[in-house]
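Okay, structure first, notes after.
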Amino acid sequence: MNIVERAKSILLSPRPTWEVIDTEQTDTASLYTGYLMILAAIPAVCGFIGMSIIGMGMFGVSMRVPFLAGLANMLVSYVLSLVGVYVLAVLIDLLAPRFGGVSSRIQALKVAVYASTAAMLGGVFALLPMLAMLSVLTGLYSVYLLYAGLPILMKSAREKSVAYTAVVIVAAIVLGLIVGAINALFMPRGAGPWAAGDTPVVSVRTPGGEVTIDGAGVAAMQRKMEEAARSMEKASAQKDPAAMAASTRDATAAAAGMLGGGKALGAQTLKAALPEQLGDLARTGFEVQDGAALGLPTSQASADYGSGNRTVHVEIMDLGGLGAMAAAAFGLAQGEKEDQHHAEKTWQEGGRILHESYAKDGSSAEHKMALKNGVLVSISADNMDIAALRNVASQLDIAALERLQRPAN
Numbered sequence: 000m001n002i003v004e005r006a007k008s009i010l011l012s013p014r015p016t017w018e019v020i021d022t023e024q025t026d027t028a029s030l031y032t033g034y035l036m037i038l039a040a041i042p043a044v045c046g047f048i049g050m051s052i053i054g055m056g057m058f059g060v061s062m063r064v065p066f067l068a069g070l071a072n073m074l075v076s077y078v079l080s081l082v083g084v085y086v087l088a089v090l091i092d093l094l095a096p097r098f099g100g101v102s103s104r105i106q107a108l109k110v111a112v113y114a115s116t117a118a119m120l121g122g123v124f125a126l127l128p129m130l131a132m133l134s135v136l137t138g139l140y141s142v143y144l145l146y147a148g149l150p151i152l153m154k155s156a157r158e159k160s161v162a163y164t165a166v167v168i169v170a171a172i173v174l175g176l177i178v179g180a181i182n183a184l185f186m187p188r189g190a191g192p193w194a195a196g197d198t199p200v201v202s203v204r205t206p207g208g209e210v211t212i213d214g215a216g217v218a219a220m221q222r223k224m225e226e227a228a229r230s231m232e233k234a235s236a237q238k239d240p241a242a243m244a245a246s247t248r249d250a251t252a253a254a255a256g257m258l259g260g261g262k263a264l265g266a267q268t269l270k271a272a273l274p275e276q277l278g279d280l281a282r283t284g285f286e287v288q289d290g291a292a293l294g295l296p297t298s299q300a301s302a303d304y305g306s307g308n309r310t311v312h313v314e315i316m317d318l319g320g321l322g323a324m325a326a327a328a329f330g331l332a333q334g335e336k337e338d339q340h341h342a343e344k345t346w347q348e349g350g351r352i353l354h355e356s357y358a359k360d361g362s363s364a365e366h367k368m369a370l371k372n373g374v375l376v377s378i379s380a381d382n383m384d385i386a387a388l389r390n391v392a393s394q395l396d397i398a399a400l401e402r403l404q405r406p407a408n
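The numbering used here puts the first residue of the sequence shown at 0, with every later residue one more than the last.
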């Protein structure tokens, strides 16, 4: 799935896109790693840049959230937004029968994830706090996306769509208040260690591991952020869109670097991990994407392999400085479920987070890994059972991928 095309289609052609999404086979890990984790970073990172780097002013007085407080707030808001979408999906699922719908956790998660697209993209307005209220408009469009998607994916009665949407929105508002209250714990209250010269270590534990912001080197990174902010102000004054975009990318990369230690791995480096042959399966095509996805530092390489009716798709993605958060967020979905047709499991092993999903008739299988360095590896197959897919996965040099170090900013 191309995240840019999917975001564009759900925004511009919601109803036809919901019809497509309705029939797609997917799982929790795919929705998170392939879509939500990237989009959720936009409001988190842009909010940090807007509040801690650009700042806000009124009546001649300007204010910036202290640097480390802003970083902690960015991390917490990012993780909580991922959790919040899942909780909202649970509520959508539980409410479906009350409005003539069919209960389905994965369908509910699709609705919650894709309906949030407009609101997540609206997070870009947080770059300039004075424009933050415009995000309300994108939030309202997410309400419309929710309204359009519920009867299609949850099979709810169309005459009850307004009521169903209203109840879900009330639940979302309550969730938002809870998330806001937790975020407030990371905002400064007068002088304290956040504003002091000493730079503490900030860490947040999640089921997928611990993400740490080390105070060492913060001063140098802060100078980069301030330089980018000055460039943004200059470009804005000169009404130079190209310079504004370039300085915004610099600030975003610096913010992401605080969490993951640098830029994304080069896409050609990732491509080198995709051999021309996997067992008896020949590589039939590949795709490489380098640079930014929706303004965030990412790189991706994927390849298709096939022999007869057996096909395998391998995708390697690096979210750059957000890699640590990606691995931590991936672990939020740990658990397992199984029925007579399908089995799925997400667990930790050797410092990695692993996910498997497969049809018991051998028609399809999927194996995903979040490596210790934050690189994400996804291997999916058609007409292949899980044992055969594991054998294919073992032929990739995962250890070499895990040893890769991101370039410094």
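Each residue gets a CB set at the ideal place from its N, CA and C atoms; glycine is no exception.
Fair warning: this is a prediction, and the values are worked out from it, not measured in the lab.
Quiz item: Between which two residues does the alpha helix (DSSP H) containing I2 stretch?
Solution: Here the question's residue 2 lines up with position 3 in the sequence shown. Run containing I2: I2 to L11, per the alpha helix (DSSP H) assignment.
Exercise. Could you please give the first and the last residue of the uninterrupted alpha helix (DSSP H) stretch that includes S141?
Key: The residue given as residue 141 occupies position 142 in the sequence shown. S141 -> alpha helix (DSSP H) spans S134 to L152.
Exercise. Could you tell me whether the Cβ atoms of L35 and V110 are closer together than 8 Å?
Key: Walking along the sequence shown from the start, residue 35 turns up at place 36. Walking along the sequence shown from the start, residue 110 turns up at place 111. Cβ atoms of L35 and V110: not closer than 8 Å.
Quiz item: Which residues in the same chain as A156 place their Cβ atom closer than 8 Å to its Cβ, once the five residues preceding and following it in sequence are excluded?
Solution: Within the sequence shown, numbered from 1, the residue matching residue 156 stands at position 157. Excluding sequence neighbours, A156 sits near F98, G99, G100 and P150.
Quiz item: If E314 sits next to Q299, beta carbons under 8 Å apart, how far is it from one beta carbon to the other, in whole angstroms?
Solution: As a working mapping, residue 314 is identified with position 315 in the sequence shown. As a working mapping, residue 299 is identified with position 300 in the sequence shown. Cβ-Cβ separation between E314 and Q299: approximately 7 Å, consistent with a contact (criterion under 8 Å).
Quiz prompt | Residue environment, T16, which counts as buried when at least 16 other CB atoms sit within 10 Å | solution = Here residue 16 refers to the residue found at position 17 when the sequence shown is read from its first residue. Buried is the call here.
Quiz item: Quick one: is L139 buried, meaning 16 or more other Cβ sit within 10 Å of its Cβ, or exposed?
Solution: Along the sequence shown, one-based indexing puts residue 139 at 140. Exposed: under 16 other Cβ atoms inside 10 Å.
Exercise. Please report the Cβ distance between I91 and V167, rounded to the nearest whole angstrom; I am assuming they are in contact, meaning their Cβ atoms lie under 8 Å.
Key: On the sequence shown, position 92 is the one that residue 91 refers to. On the sequence shown, position 168 is the one that residue 167 refers to. The pair is a contact, with the Cβ atoms about 6 Å apart (cut-off 8 Å).
Exercise. Measuring alpha carbon to alpha carbon, tell me which of M153, G33 and F124 ends up nearest T22.
Key: Locating residue 22 in the sequence shown gives position 23, counting from the first residue. The residue with the shortest Cα to Cα distance from T22 is M153.
Quiz item: Can you tell me whether V200 is buried or exposed, with buried defined as 16 or more other CB within 10 angstroms of its CB?
Solution: On the sequence shown, position 201 is the one that residue 200 refers to. In this prediction, V200 has a pLDDT of 45, which is less than 50 and means its spatial position is unreliable; what the coordinates show is noted afterwards. Counting Cβ neighbours within 10 Å, V200 comes out exposed, since fewer than 16 surround it.
Self-check item: Distance between beta carbons of T27 and L81, contact taken as under 8 Å
Solution: Against the sequence shown, residue 81 aligns to sequence position 82. Against the sequence shown, residue 27 aligns to sequence position 28. In fact, because the Cβ distance is near 11 Å, the residues do not count as touching under 8 Å.
Quiz item: Ordered along the chain, which non-local residues of its own chain (more than five positions away) have a Cβ less than 6 Å from that of A118?
Solution: In the sequence shown, residue 118 corresponds to position 119, counting from 1. Hits under 6 Å: T137, G138 and S141.
Quiz item: Can the beta-carbon of F47 be found less than 8 Å from the beta-carbon of L70?
Solution: For this step, residue 47 is matched to residue 48 along the sequence shown. For this step, residue 70 is matched to residue 71 along the sequence shown. Against a cut-off of 8 Å, the Cβ pair of L70 and F47 comes out as a contact.
Self-check item: Simplified DSSP state of T25, which is helix, strand or coil
Solution: Counting from one through the sequence shown, the residue named residue 25 turns up at place 26. T25: coil per DSSP, three-state reduction.
Exercise. May I ask you to report which of helix, strand or coil DSSP gives K270?
Key: The residue given as residue 270 occupies position 271 in the sequence shown. Correct three-state label for K270: helix.
Quiz item: What did DSSP end up calling V101 once you bin it into helix, strand or coil?
Solution: Along the sequence shown, one-based indexing puts residue 101 at 102. Three-state DSSP puts V101 in coil, outside helix and strand.
Exercise. Give a yes or no on contact between the segment 355-364 and the segment 374-389, applying the rule of three or more CB pairs nearer than 8 Å.
Key: Because the criterion of three Cβ pairs below 8 Å is met, the segment 355-364 and the segment 374-389 touch.
Quiz item: For G121, which of helix, strand or coil comes out of DSSP?
Solution: As a working mapping, residue 121 is identified with position 122 in the sequence shown. The answer is helix: DSSP assigns G121 an H, G or I state.
Exercise. Spatial neighbours of F285 within its chain, please: CB distance less than 8 Å, with the 5 preceding and 5 following residues excluded, ordered by chain position.
Key: Taking the first residue of the sequence shown as position 1, residue 285 is located at position 286. K270, L273, A300, S301, A302 and D303.
Quiz item: Between which two residues does the alpha helix (DSSP H) carrying R389 extend?
Solution: Numbered from its first residue, the sequence shown carries residue 389 at position 390. From DSSP, the alpha helix (DSSP H) with R389 extends over I385 to S393.
Practice problem: State the beta-bridge partners of I352 as determined by DSSP. | Solution: Taking the sequence shown and counting its residues from 1, the one referred to as residue 352 is at position 353. Paired residue(s): Q347 and A369.
Practice problem: Specify the secondary structure class of V86 as computed by DSSP and reduced to three states. | Solution: Counting from 1 along the sequence shown, the entry for residue 86 is found at position 87. In this structure, V86 counts as helix in the three-state DSSP scheme.
Practice problem: Whole angstroms is fine: what's the gap from L127's alpha carbon to S115's? | Solution: Working through the sequence shown from its first residue, we reach residue 127 at position 128. Working through the sequence shown from its first residue, we reach residue 115 at position 116. Their backbone Cα atoms lie some 21 Å apart in a straight line.
Quiz item: Looking at C-alpha atoms only, which residue of L10, Q339 and A170 is the closest neighbour of K359?
Solution: Taking the sequence shown and counting its residues from 1, the one referred to as residue 359 is at position 360. That would be Q339, whose Cα lies nearest to the Cα of K359.
Quiz item: Closest by CA to R309, which one among A263, A398 and R282?
Solution: Residue mapping note: residue 309 aligns to position 310 of the sequence shown, counting from 1. It is R282 whose Cα lies nearest to the Cα of R309.
Quiz item: Out of curiosity, what's the CA-to-CA distance linking L280 and H312?
Solution: Sequence index remark: in the sequence shown, residue 280 carries index 281 (1-based). Sequence index remark: in the sequence shown, residue 312 carries index 313 (1-based). Between L280 and H312, the C-alpha separation is close to 11 Å.
Self-check item: Euclidean distance between Cα positions of T25 and G373
Solution: Taking the first residue of the sequence shown as 1, we reach residue 25 at position 26. Taking the first residue of the sequence shown as 1, we reach residue 373 at position 374. Approximately 22 Å between the Cα atoms of the pair.
Exercise. Taking all protein chains shown into account, decide if V376 is buried (16 or more other Cβ within 10 angstroms of its Cβ) or exposed.
Key: Along the sequence shown, read from residue 1 onward, the residue named residue 376 stands at position 377. Answer is buried; the Cβ neighbour count reaches 16.
Quiz item: Hey, Y357 and A342: beta-carbon distance below 8 Å or not?
Solution: Along the sequence shown, read from residue 1 onward, the residue named residue 357 stands at position 358. Along the sequence shown, read from residue 1 onward, the residue named residue 342 stands at position 343. In contact: Y357 and A342 (Cβ atoms closer than 8 Å).
Quiz item: Based on the DSSP output, what are the partners of Y357 in its beta bridges?
Solution: Here residue 357 corresponds to residue number 358 of the sequence shown, with the count starting at 1. In the DSSP output, where bridge partners are listed per residue, Y357 has A342 and A364.
Quiz item: In the DSSP assignment, what residue or residues form a beta bridge with I315?
Solution: Start at 1 with the first residue of the sequence shown, and residue 315 comes out as number 316. For I315, which the question treats as bridged, DSSP gives the partners A300 and V376.
Quiz item: Using CA coordinates, which residue listed in A170, G278 and L94 is at the minimum distance from S393?
Solution: Position 394 of the sequence shown, counted from the first residue, corresponds to residue 393. Closest in alpha carbon position to S393, among A170, G278 and L94, is G278.
Quiz item: Is A88 near the ligand NAD, judged by its Cβ being under 7 Å from some heavy atom?
Solution: The model on display carries no ligand, and the ligand NAD is accordingly not part of it.
Quiz item: So, are the CB atoms of Q288 and A266 less than 8 Å apart?
Solution: Looking up residue 288 in the sequence shown gives position 289. Looking up residue 266 in the sequence shown gives position 267. Cβ distance < 8 Å, so Q288 and A266 count as in contact.
Quiz item: By the 10 Å Cβ neighbour count, where 16 or more other Cβ atoms means buried, how is L145 classified, buried or exposed?
Solution: In the sequence shown, residue 145 corresponds to position 146, counting from 1. L145 should be labelled buried.
Self-check item: Where L410 falls, given that 16 or more other Cβ within 10 Å makes a residue buried
Solution: Outside the shown range of the chain (0 to 408) lies residue 410, about which nothing can therefore be said.
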